[in-house]
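Engineer: Below you'll find the structure I mean.
2 protein chains.
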Amino acid sequence: MTSLSPSDKALVPFVSVDQMMKLIHHISVEEMMSGIADYIEADFKRWELFDKTPRVASHSEKGVIELMPTSDGDVYGFKYVNGHPSNTADGLQTVTAFGLLADVASGYPVLLSEMTMLTAMRTAATSALVARVLAPKNARVMAMIGNGSQSEFQSLAMKTIVGIEEIRLFDTDPKAIEKCAVNLQGQGLRVVKCASAEDAMEGAQIITTCTADKQYATILTDNMVGNGVHINAIGGDCPGKTELAPAILHRAEIFVEYPEQTRIEGEIQQLDPDHPVTEFWQVLTGQAAGRRDDKQITLFDSVGFAIEDFSALRYVRDRIADTGLFHPLDLLADPDDPRDLFGMLQRAKG
Amino acid sequence: MTSLSPSDKALVPFVSVDQMMKLIHHISVEEMMSGIADYIEADFKRWELFDKTPRVASHSEKGVIELMPTSDGDVYGFKYVNGHPSNTADGLQTVTAFGLLADVASGYPVLLSEMTMLTAMRTAATSALVARVLAPKNARVMAMIGNGSQSEFQSLAMKTIVGIEEIRLFDTDPKAIEKCAVNLQGQGLRVVKCASAEDAMEGAQIITTCTADKQYATILTDNMVGNGVHINAIGGDCPGKTELAPAILHRAEIFVEYPEQTRIEGEIQQLDPDHPVTEFWQVLTGQAAGRRDDKQITLFDSVGFAIEDFSALRYVRDRIADTGLFHPLDLLADPDDPRDLFGMLQRAKG
Chain A
1 MTSLSPSDKA
11 LVPFVSVDQM
21 MKLIHHISVE
31 EMMSGIADYI
41 EADFKRWELF
51 DKTPRVASHS
61 EKGVIELMPT
71 SDGDVYGFKY
81 VNGHPSNTAD
91 GLQTVTAFGL
101 LADVASGYPV
111 LLSEMTMLTA
121 MRTAATSALV
131 ARVLAPKNAR
141 VMAMIGNGSQ
151 SEFQSLAMKT
161 IVGIEEIRLF
171 DTDPKAIEKC
181 AVNLQGQGLR
191 VVKCASAEDA
201 MEGAQIITTC
211 TADKQYATIL
221 TDNMVGNGVH
231 INAIGGDCPG
241 KTELAPAILH
251 RAEIFVEYPE
261 QTRIEGEIQQ
271 LDPDHPVTEF
281 WQVLTGQAAG
291 RRDDKQITLF
301 DSVGFAIEDF
311 SALRYVRDRI
321 ADTGLFHPLD
331 LLADPDDPRD
341 LFGMLQRAKG
Chain B
1 MTSLSPSDKA
11 LVPFVSVDQM
21 MKLIHHISVE
31 EMMSGIADYI
41 EADFKRWELF
51 DKTPRVASHS
61 EKGVIELMPT
71 SDGDVYGFKY
81 VNGHPSNTAD
91 GLQTVTAFGL
101 LADVASGYPV
111 LLSEMTMLTA
121 MRTAATSALV
131 ARVLAPKNAR
141 VMAMIGNGSQ
151 SEFQSLAMKT
161 IVGIEEIRLF
171 DTDPKAIEKC
181 AVNLQGQGLR
191 VVKCASAEDA
201 MEGAQIITTC
211 TADKQYATIL
221 TDNMVGNGVH
231 INAIGGDCPG
241 KTELAPAILH
251 RAEIFVEYPE
261 QTRIEGEIQQ
271 LDPDHPVTEF
281 WQVLTGQAAG
291 RRDDKQITLF
301 DSVGFAIEDF
311 SALRYVRDRI
321 ADTGLFHPLD
331 LLADPDDPRD
341 LFGMLQRAKG
């Protein structure tokens, strides 16, 4: 019976993990990261247009589950994401995610997508976009401290968007270093396995920290960090989880996504609530200064913000139409007469 | 290649609209409403255990998109729901929804479900659960004012849970009355089509209002409502959207789900912020009184709360296992080595 088939409006395009991976390879990892970075830059430049709210977090002893909504007035988006550092020991991902876009005018969802892969892509794209603007000119070497899920994505984004040529790996677990080094083979990067964080930072203009302990940790101490570097701190992203010694924060010019959220979740939760920070979008629009000289330490205290997910989902939506890399999902009840939900239910009987 | 198939952990059971309708008929509409009411009652009795937060709303000129999260410490749930009164004119549903349950310990989603149908079921189950406790004893007649999507569900829940025998229909649109009357044929109810709201309330012990205008409307005026009735006001559920004249509110004993949310969205947004209200869960646990005498007007100022969705999703999760009425959805990236997301991506390449 055709009347029982869902209408077009009832079907929401769904991008599965398998389809996301196919989409990434169809476009290529590096081109897709550049594309997402362009979308993020475009959305950051119209920052004031967006509905912004700190993420809605549900904390437990083991981790956190968060909803990150935003809207530009025409399109609404949100991401579901968890952060469970102890998952790794159980063979699970620390972070999994999915996201949705909806039409503001009707409230109807228009895209549902896996976002575990996509979050890694957008986090790396954001880091590299920020580093392109803030890192010392001609940065060619990056220290990658913490060689987990995000490390290869970070490395490739820094290569393609910033021009990084050498990645210096360090992790407290040698197996993670080895995994990352193997994965980065043949990707056009010089990869150096290092014995310590200090060793990894040798000659690096960019220092990326991405470790996953949910506790105050000090991955970088003050005396380890010289002048003139850009620090890309992406591991601290919830209350009680930080990676940098406070003394480094005091020496650095700090750039953030959304101060209200970063003061709760970022490295700067260690500082006074009125410690000056610069909103990165204002650097893009010319309302605030970026790096001022070669000696300065710039620090991107990254926690991940809803607009970045929104940009990434917009990118995916624009790219799936001609690839067919989605399933139509029967997510919405859409009776012929919108007031006749019960009639629709009755007609589905037997 | 088996290594490319998603693992069990990566697959999230998804209940489509078609499967939800099959599940409802498999169980039967009335038995499922009773079952959901039992789950809601059980969850309301352990109210203090839940993480509660007012819904996170994104308002626009045309409507609202909301996220409604909650957690009992073991299971996390949220619902996405929109409210767009003008959608009906465009042939779309005013309200569409979907929801999710996740495991708090790992953050992994364990159920994704359509919730347009399920919300109608849980809203009716909640209304009837409350009426069973608060309405005058031996209530047999209900006025159903507003005969849209929710009206048949409300009527059947009041029949099966409260023992209502006669439904008196009124809507400003005669076609809506006719639709509702036709849908309720053969459902074991005496159905009376009425020419006015006053006519509909003739002899009714329960008055249900469910209209969808996003504006201050006065569906019931003070002189229309006699003593000794129970009013089930489910249509007012966002700022600026109410159905009852303030004078009725002043004559009634008001029961709510979650005061912090109801004061923003419910009928009581018309009253002082400290106007006394009773939390319905406290009536269930014996901490607060329900109806005190036959003359009293009891009013359930219902806006819909996250715990009701949580209960409904729990019910669905418990009932789909043996019916197979779900699709396994490839929503989560779950690499063999949880730190090797990039390796999983690389192995998916051509």
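Just so you know, the sequences run in chain order A and B.
The UniProt record's numbering puts the first sequence at residues 1 to 350.
The UniProt record's numbering puts the second sequence at residues 1 to 350.
Think of the CB as a built atom: it goes at the ideal place given N, C-alpha and C, for glycine as much as any other residue.
Suppose you measure from the CA of B/Ala333 to the CA of B/Pro54; what does that come to, to the nearest Å?
Structural biologist: Counted from its first residue, the second sequence places residue 333 of chain B at position 333. Counted from its first residue, the second sequence places residue 54 of chain B at position 54. In a straight line, the C-alpha of B/Ala333 is about 31 Å away from that of B/Pro54.
Engineer: Can you give the Cα-Cα distance for B/Gln282 and A/Val133, rounded to whole angstroms?
Structural biologist: Along the second sequence, read from residue 1 onward, the residue named residue 282 of chain B stands at position 282. Along the first sequence, read from residue 1 onward, the residue named residue 133 of chain A stands at position 133. Using only the alpha carbons, I get a separation of about 57 Å.
Engineer: I want to see whether chain B comes within less than 8 Å of A/Pro13, judged by CB atoms only; does it?
Structural biologist: Walking along the first sequence from the start, residue 13 of chain A turns up at place 13. No, A/Pro13 lies away from the interface with chain B (no Cβ there is under 8 Å from its Cβ).
Engineer: At a Cβ threshold of 8 Å, is A/Gly107 touching chain B?
Structural biologist: Position 107 of the first sequence holds residue 107 of chain A. For A/Gly107, the answer is yes, since a Cβ of chain B falls inside 8 Å of its Cβ.
Engineer: Near B/Ser3, which residues of its chain fall below 8 Å by C-beta distance, leaving aside the five closest residues on each side in sequence?
Structural biologist: Translated into positions along the second sequence, residue 3 of chain B becomes position 3. Note that B/Ser3 scores a pLDDT of 39, beneath 50, so its modelled location is shaky; the value from the coordinates is reported in the next line. Taken in chain order, the residues that qualify are Asp336, Arg347.
Engineer: Around the C-beta of B/Arg292, are 16 or more other C-beta atoms found within 10 angstroms, so that it is buried, or is it exposed?
Structural biologist: Counting from one through the second sequence, the residue named residue 292 of chain B turns up at place 292. Exposed is the call here.
Engineer: Could you name the residues of chain B that A/Ser58 contacts, counting a contact when the two beta carbons are closer than 7 Å?
Structural biologist: Taking the first sequence and counting its residues from 1, the one referred to as residue 58 of chain A is at position 58. Simply Asp51, Pro69, Ser71, Tyr76.
Engineer: Leaving out five residues before and five after B/Met1 in sequence, what residues of the same chain have Cβ atoms less than 6 Å from its Cβ?
Structural biologist: Against the second sequence, residue 1 of chain B aligns to sequence position 1. Residue placement at B/Met1 is poorly supported in this model, since its pLDDT is 31, which falls under 50; the coordinates still yield a value, given next. Closer than 6 Å at Cβ, skipping near neighbours: no residue.
Engineer: So, at 8 Å on beta carbons, what are the nonlocal neighbours of B/Asp199 in its own chain, with the 5 sequence-adjacent residues on each side left out?
Structural biologist: Along the second sequence, one-based indexing puts residue 199 of chain B at 199. Only Arg168, Phe170 meet the Cβ criterion.
Engineer: Output, in chain order, the set of chain A residues within a Cβ distance shorter than 7 Å of B/Gln346.
Structural biologist: The residue you call residue 346 of chain B lines up with position 346 of the second sequence. The answer, in chain order, is Asn183.
Engineer: Report, in whole angstroms, the separation of the C-beta atoms of B/Leu92 and A/Pro338, which I expect to be a contact under 8 Å.
Structural biologist: By 1-based counting over the second sequence, the position of residue 92 of chain B is 92. By 1-based counting over the first sequence, the position of residue 338 of chain A is 338. Contact holds; Cβ gap of about 6 Å.
Engineer: Taking Cβ-Cβ distances shorter than 9 Å, what residues in chain B pair up with A/Gly343?
Structural biologist: To locate residue 343 of chain A, count along the first sequence from 1; it is residue 343. Those within 9 Å of A/Gly343 in chain B are Glu152, Lys179, Val182, Asn183.
Engineer: For A/Thr70, collect the residues of the same chain with a Cβ closer than 7 Å to its Cβ; drop the 5 residues on either side in sequence, then sort them by chain order.
Structural biologist: As a first step, residue 70 of chain A is located in the first sequence; it is residue number 70 there, counting from the start. Once the five neighbours on either side are set aside, the close Cβ partners of A/Thr70 are Phe50, Asp51, Lys52, Gly77, Ala306, Ile307, Phe310.
Engineer: Just checking my contact of A/Thr94 with A/Thr88 at CB under 8 Å: how many whole Å lie between their CB atoms?
Structural biologist: In the first sequence, counting from the first residue as 1, residue 94 of chain A sits at position 94. In the first sequence, counting from the first residue as 1, residue 88 of chain A sits at position 88. Going by Cβ atoms, the distance from A/Thr94 to A/Thr88 rounds to 6 Å, so yes, they are a contact pair.
Engineer: When you compare the CB of B/Met1 with every CB in chain A, is at least one pair closer than 8 Å?
Structural biologist: Mapped onto the second sequence, residue 1 of chain B falls at position 1. Only weak support is given to the placement of B/Met1: the predicted model assigns it a pLDDT of 31, under 50, and the value that follows is read from those uncertain coordinates. Closer than 8 Å: no.
Engineer: Within the stretch 142–173 of chain A, note down every full alpha helix (DSSP H) run reaching 4 residues or more, in order along the chain.
Structural biologist: Those alpha helix (DSSP H) runs which fall completely within the stretch 142–173 of chain A and span 4+ residues are 151–157.
Engineer: Is it the case that the Cβ atoms of A/Met33 and A/Ala124 are separated by a distance below 8 Å?
Structural biologist: What you label residue 33 of chain A is simply residue 33 of the first sequence in a count that begins at 1. What you label residue 124 of chain A is simply residue 124 of the first sequence in a count that begins at 1. Taking 8 Å as the Cβ cut-off, A/Met33 and A/Ala124 qualify as a contacting pair.
Engineer: Out of A/Gly83, A/Met20, A/Ser149, A/Leu11, point me to the one whose CA is closest to A/Tyr315's CA.
Structural biologist: If you number the first sequence from 1, residue 315 of chain A lands on position 315. Nearest C-alpha to A/Tyr315: A/Met20.
Engineer: Indicate whether at least one CB of chain B lies closer than 8 Å to the CB of A/Tyr80.
Structural biologist: Working through the first sequence from its first residue, we reach residue 80 of chain A at position 80. Yes, contact with chain B.
Engineer: Taking B/Leu49 as part of the beta strand (DSSP E), name the residues at either end of that continuous run.
Structural biologist: Position 49 of the second sequence holds residue 49 of chain B. It is not in any beta strand (DSSP E) - B/Leu49 carries neither H nor E in the DSSP assignment.
Engineer: Are there 16 or more other CB atoms within 10 angstroms of the CB of A/Lys349, so buried, or fewer, so exposed?
Structural biologist: On the first sequence, residue 349 of chain A is found 349 positions in, with the first residue counted as 1. Answer is exposed; the Cβ neighbour count stays below 16.
Engineer: Tell me the rounded alpha-carbon separation between A/Phe44 and B/Met344.
Structural biologist: Translated into positions along the first sequence, residue 44 of chain A becomes position 44. Translated into positions along the second sequence, residue 344 of chain B becomes position 344. Cα to Cα, A/Phe44 sits roughly 31 Å from B/Met344.
Engineer: At least one CB of chain B closer than 8 Å to the CB of A/Gln261: is that the case?
Structural biologist: Within the first sequence, the letter at position 261 stands for residue 261 of chain A. No, A/Gln261 does not count as interfacial toward chain B.
Engineer: Rank A/Phe255, A/Asp330, A/Ile36 by C-alpha distance to the C-alpha of A/Phe153 and give the top, closest one.
Structural biologist: One-based indexing of the first sequence puts residue 153 of chain A at position 153. Cα-wise, what sits closest to A/Phe153 is A/Ile36.
Engineer: Kindly indicate which residue of B/Val110, B/Thr116, B/Ile40 has the alpha-carbon position closest to the one of B/Val12.
Structural biologist: Stepping through the second sequence from its first residue, residue 12 of chain B is reached at position 12. Comparing Cα-Cα distances from B/Val12 to each of B/Val110, B/Thr116, B/Ile40, the minimum goes to B/Val110.
Engineer: Apart from the five residues on each side of it in sequence, which residues of its chain come closer than 7 Å, Cβ to Cβ, to B/Leu100?
Structural biologist: Working through the second sequence from its first residue, we reach residue 100 of chain B at position 100. Closer than 7 Å at the Cβ level, and outside the excluded window around B/Leu100, lie Gly77, Phe78, Pro109, Leu111, Leu112.
Engineer: Any beta carbon of chain A sitting closer than 8 Å to that of B/Gln93?
Structural biologist: By one-based count along the second sequence, residue 93 of chain B stands at place 93. Yes, contact with chain A.
Engineer: Using beta-carbon positions only, say whether B/Thr221 and B/Ala245 come within less than 8 Å of one another.
Structural biologist: Stepping through the second sequence from its first residue, residue 221 of chain B is reached at position 221. Stepping through the second sequence from its first residue, residue 245 of chain B is reached at position 245. A contact, by the Cβ cut-off of 8 Å.
Engineer: Using a C-beta cutoff of 8 Å, does A/Ile231 count as contacting chain B?
Structural biologist: Translated into the one-based positions of the first sequence, residue 231 of chain A becomes position 231. It does not: the Cβ of A/Ile231 has no partner Cβ on chain B nearer than 8 Å.
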